[in-house]
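First the structure, in the form of structure tokens, and then the observations on it.
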Amino acid sequence: MVTGLVKRYGSATAVDGLNLVADRAKVTALLGPNGAGKTTTIEICEGYRRADQGTVRVLGLDPARDVRALAPRVGVMLQSGGLPQAVRAGDYLRLIASFYARPVDPAGLLDRLGLTACAGVPCRRLSGGQQQRLSLAAAVIGRPELVFLDEPTAGLDPQARHATWDLITELRTAGVSVVLTTHFMEEAERLADGVAIMDHGQLVAEGTPAELTGTAGQLRFRAQPGLSTDSLLSALPGGTAAKESPEGYYVIEVQGRVDPQLLAAVTAWCAEHGVLAKDLRVESRTLEDVFLELTGRDLRS
Amino acid sequence: MTVPPAADARPAAAAEPSPFVPAPGAAPLPRMIAAQATLEARTLLRNGEQLLLVLIIPVLLLIAFSRESFVNIGADTRQPRVDFLVPGIIALAIMSTAFTSQAIATGFERRYGVLKRLGATPLSRVGLIAAKTVTVIAVELLQAVIIIGVGLALGWRPHSTVAGAAWAVLLAVVGTAAFSGLALLMAGTLRAEATLAAANLVYLILLGVGGVLFSLNKFPAGARGPLKLLPSGALSDGLHSVLQNAGGPPAADLAVLAIWAVVGITLAARTFRWE
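Going down the list, the protein sequences come from chains A and W. Position one of the first sequence corresponds to residue 1 (this note's numbering), numbered consecutively onward. Position one of the second sequence corresponds to residue 1 (this note's numbering), numbered consecutively onward.
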């Protein structure tokens, strides 16, 4: 869908040779630190900006040229703004619905997103989370084939986040293609069929969440600092790695699953050395681990 | 006869197709324009400040200045003051709706990303501009009904022929185009706060020197000419000529307004930034 995309603002390169494909009727999540170029990429796909180089095809069309043909077929949720401040929430959604031939029932959609009670409230008086949900409703009300959601759950409380996740899952089941950006790794892991991680305008990793997190199993526990990981490793089967990071937190990593034998070996070693392992957990690497590995821990401006 | 277990009802409900199954399509353009215009007009009339600008101030000025007052408005003393005031107040009403109100509303729509978001809907930019035009005209018709009604109640008797009334309508249309072009020029280039301040300032200035409350004939001869070249002066002068003085075709005023309209709309189209 996106090939060799380049976008510059003055001397700054926001997107630098990006290649990306989002499959139809799937959820594709675009991850990356602030300033990675996610919004620029999405807004080029939405037709708001023109690419300096490269080719972008949305539903087979050029978003910069075929704006009119794409508009009814593509739903858009901007990262912020878009709502007329003085207009009531319900009036706004009915207005957007009236632009489409076969819209979703606005009242039902308001209800589903928990907005019925504030349908008569002007947009400027809605909370941040309510504004987000109204923008989401506006993106899907025209029954599009494809939706671009730029940080759909930013600033939402857990209830609203789950309602949004349910809606996105239903969109996918109904055959809608979803492209979203997010900072929540859990969101990408739960929702996305495909994940693309961007940094500095480039793609740094791409795949399903399972592919990205790999098959490494982890066993984590907390204990007093300074235990000898070498001694621990010598008590464990081959092919395992152990480290203390940060102080007092121990991670044992193994290819494949953590099996009962490994767990028993670890606890046996602890018992032998008088170590009480607290918060003992068996888990796999998370997307967040992968994300931080790929993009580093430095704070972004 | 067997009663189906309750669980059987569920698959039927689950099989109901999702409301989100893609069925894209744009509504017919006239329906989109009507929906957008209706909402814009409703929003304008619900907004206290806008209502003040487009209805309350013009009507209050009409009532206040038509009485014997301490202000010499420079009207022809052989006619009731209201005969001078109604055409001027109509000019003010057109200016307040097409220019001040539209500039402010559009400036804030741009600032809050409303125009950007609408750009992603099937409503095209041409459709949006059409909707704004419909809104302006609808509000102007409402203003006309009220101002003419109040004027008649105050004893206004138009000194006008049928042709004169037609010229007045033409002046209103071209004046609306001129003011709309200037409004969009301002709203599409300045920050929203700057637009708000400037649009209100221009409203006040034109109220003073636009021939609305004070006859341009009272101004020094040197100022009169330039003031009649402003859209406000041309509109009020033309309306006075055909409604107050039963004058002939207001060709010069129409020409001035038409030039402002062409220049304003062309510049607005070239410079308007949607986000």
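No residue lacks a Cβ here, since even glycine has one placed at the ideal position from N, Cα and C. None of the values given here were measured: they were computed from a predicted structure.
Applying the 10 Å Cβ sphere with the 16-neighbour rule, what's the burial state of residue i?
i, result
"residue 12(W)", "Residue placement at residue 12(W) is poorly supported in this model, since its pLDDT is 45, which falls under 50; the coordinates are not used for a value here."
"residue 49(A)", "buried"
"residue 2(W)", "Residue confidence for residue 2(W) is low, a pLDDT of 48 falling below 50, so the modelled location carries little weight and cannot support an answer."
"residue 195(W)", "buried"
"residue 205(W)", "exposed"
"residue 53(A)", "exposed"
"residue 52(W)", "exposed"
"residue 56(W)", "exposed"
"residue 203(W)", "buried"
"residue 126(W)", "exposed"
"residue 228(A)", "exposed"
"residue 100(A)", "buried"
"residue 147(A)", "buried"
"residue 363(A)", "Only positions 1 to 301 of chain A appear in this structure, which leaves residue 363(A) out of reach."
"residue 9(A)", "exposed"
"residue 121(W)", "buried"
"residue 159(A)", "exposed"
"residue 201(W)", "exposed"
"residue 253(W)", "buried"
"residue 132(W)", "buried"
"residue 166(W)", "exposed"
"residue 264(W)", "buried"
"residue 135(A)", "buried"
"residue 55(A)", "exposed"
Rounded to whole angstroms, how far is the Cβ of residue i from the Cβ of residue j, which I believe are closer than 8 Å?
i, j, result
"residue 311(A)", "residue 176(A)", "Not covered by the structure: residue 311(A). The range shown for chain A is 1 to 301."
"residue 323(W)", "residue 160(W)", "Lying outside 1 to 275, the shown extent of chain W, residue 323(W) is not represented and no answer is given."
"residue 90(W)", "residue 144(W)", "7 Å"
"residue 147(W)", "residue 58(W)", "6 Å"
"residue 128(W)", "residue 36(W)", "7 Å"
"residue 106(A)", "residue 114(W)", "Not quite, the Cβ-Cβ distance comes to about 18 Å (not below 8 Å), so this is no contact."
"residue 36(A)", "residue 289(A)", "Their Cβ separation, rounded to whole angstroms, is 18 Å, which puts residue 36(A) and residue 289(A) out of contact at 8 Å."
Measure the alpha-carbon distance for residue i versus residue j and round it to whole angstroms.
i, j, result
"residue 183(W)", "residue 45(W)", "19 Å"
"residue 173(A)", "residue 76(A)", "19 Å"
"residue 277(A)", "residue 295(A)", "31 Å"
"residue 119(W)", "residue 81(A)", "13 Å"
"residue 154(W)", "residue 103(A)", "50 Å"
"residue 203(A)", "residue 287(A)", "16 Å"
"residue 234(A)", "residue 280(A)", "20 Å"
"residue 262(W)", "residue 256(W)", "10 Å"
"residue 180(A)", "residue 192(A)", "9 Å"
"residue 232(W)", "residue 122(A)", "34 Å"
"residue 197(W)", "residue 186(W)", "11 Å"
"residue 226(W)", "residue 38(W)", "38 Å"
"residue 249(W)", "residue 209(W)", "23 Å"
"residue 7(W)", "residue 166(A)", "Residue confidence is low: residue 7(W) scores 44 on pLDDT, short of 50, so the model does not pin down where it sits. Its coordinate-derived value is still stated next. Computed Cα separation, rounded: 23 Å."
"residue 208(A)", "residue 26(W)", "34 Å"
"residue 143(A)", "residue 19(W)", "8 Å"
"residue 157(A)", "residue 129(A)", "7 Å"
"residue 303(A)", "residue 116(A)", "Any property of residue 303(A) remains undetermined from this structure, which presents chain A solely from 1 to 301."
"residue 38(A)", "residue 73(A)", "21 Å"
"residue 273(W)", "residue 188(W)", "5 Å"
"residue 268(A)", "residue 293(A)", "31 Å"
"residue 43(W)", "residue 124(A)", "13 Å"
"residue 83(W)", "residue 42(A)", "59 Å"
"residue 102(W)", "residue 212(A)", "52 Å"
"residue 64(W)", "residue 222(W)", "30 Å"
"residue 41(W)", "residue 86(A)", "12 Å"
"residue 257(A)", "residue 246(A)", "23 Å"
"residue 30(W)", "residue 229(W)", "36 Å"
"residue 185(A)", "residue 168(A)", "16 Å"
"residue 241(A)", "residue 232(A)", "10 Å"
"residue 169(W)", "residue 34(A)", "55 Å"
"residue 305(A)", "residue 79(A)", "Residue 305(A) lies beyond the residue range present for chain A, which begins at 1 and ends at 301; the question has no answer from this structure."
"residue 238(W)", "residue 59(A)", "55 Å"
Taking 7 Å as the cut-off, is the beta-carbon of residue i closer than that to any non-hydrogen atom of the ligand MN?
i, result
"residue 142(W)", "Inclusion of the ligand MN in the displayed structure is not the case, the ligand content being empty and no account of it being possible."
(request) Please name the residues in the region 159 to 176 of chain A whose beta-carbon is closer than 7 Å to at least one beta-carbon of chain B, in chain order. (result) Although the question refers to chain B, the structure presented lacks it and instead comprises the protein chains A and W.
(message) My parser needs the alpha helix (DSSP H) runs of 4 or more residues fully inside the region 215 to 272 of chain A; what are they?
(response) 229 to 234, 260 to 272
(request) Any chance you could list the beta strand (DSSP E) runs of at least 3 consecutive residues sitting entirely within the region 93 to 181 of chain W, in chain order? (result) Taking 3 residues as the minimum length, the region 93 to 181 of chain W contains no beta strand (DSSP E) run wholly inside it.
(request) State whether the region 260 to 279 of chain A contacts the region 212 to 227 of chain A, with contact taken as three or more CB pairs (one from each stretch) at a distance under 8 Å. (result) yes
(request) Tell me, please, whether the region 97 to 115 of chain W touches the region 174 to 189 of chain W by the rule of three or more beta-carbon pairs shorter than 8 Å. (result) yes
(message) Under 8 Å, with one C-beta from each stretch per pair, do the region 86 to 97 of chain A and the region 133 to 148 of chain A reach the 3-pair mark?
(response) As far as the Cβ criterion goes, the region 86 to 97 of chain A touches the region 133 to 148 of chain A, which means the pair count is three or higher.
(message) Does the structure place the region 106 to 116 of chain A close enough to the region 86 to 93 of chain A that three or more beta carbon pairs sit under 8 Å?
(response) yes
(message) Suppose only complete runs of 4+ residues qualify. What are the alpha helix (DSSP H) ranges in the region 155 to 225 of chain A, listed by chain order?
(response) 158 to 173, 185 to 191, 209 to 213
(message) Restricting to runs no shorter than 3 residues, where is the beta strand (DSSP E) found entirely within the region 4 to 65 of chain A?
(response) Counting only runs of 3 or more, we get 12 to 20, 27 to 31, 53 to 56.
(message) Going residue by residue through the region 230 to 254 of chain W, where are the continuous alpha helix (DSSP H) segments of at least 4 residues, counting only ones entirely within it?
(response) 231 to 239
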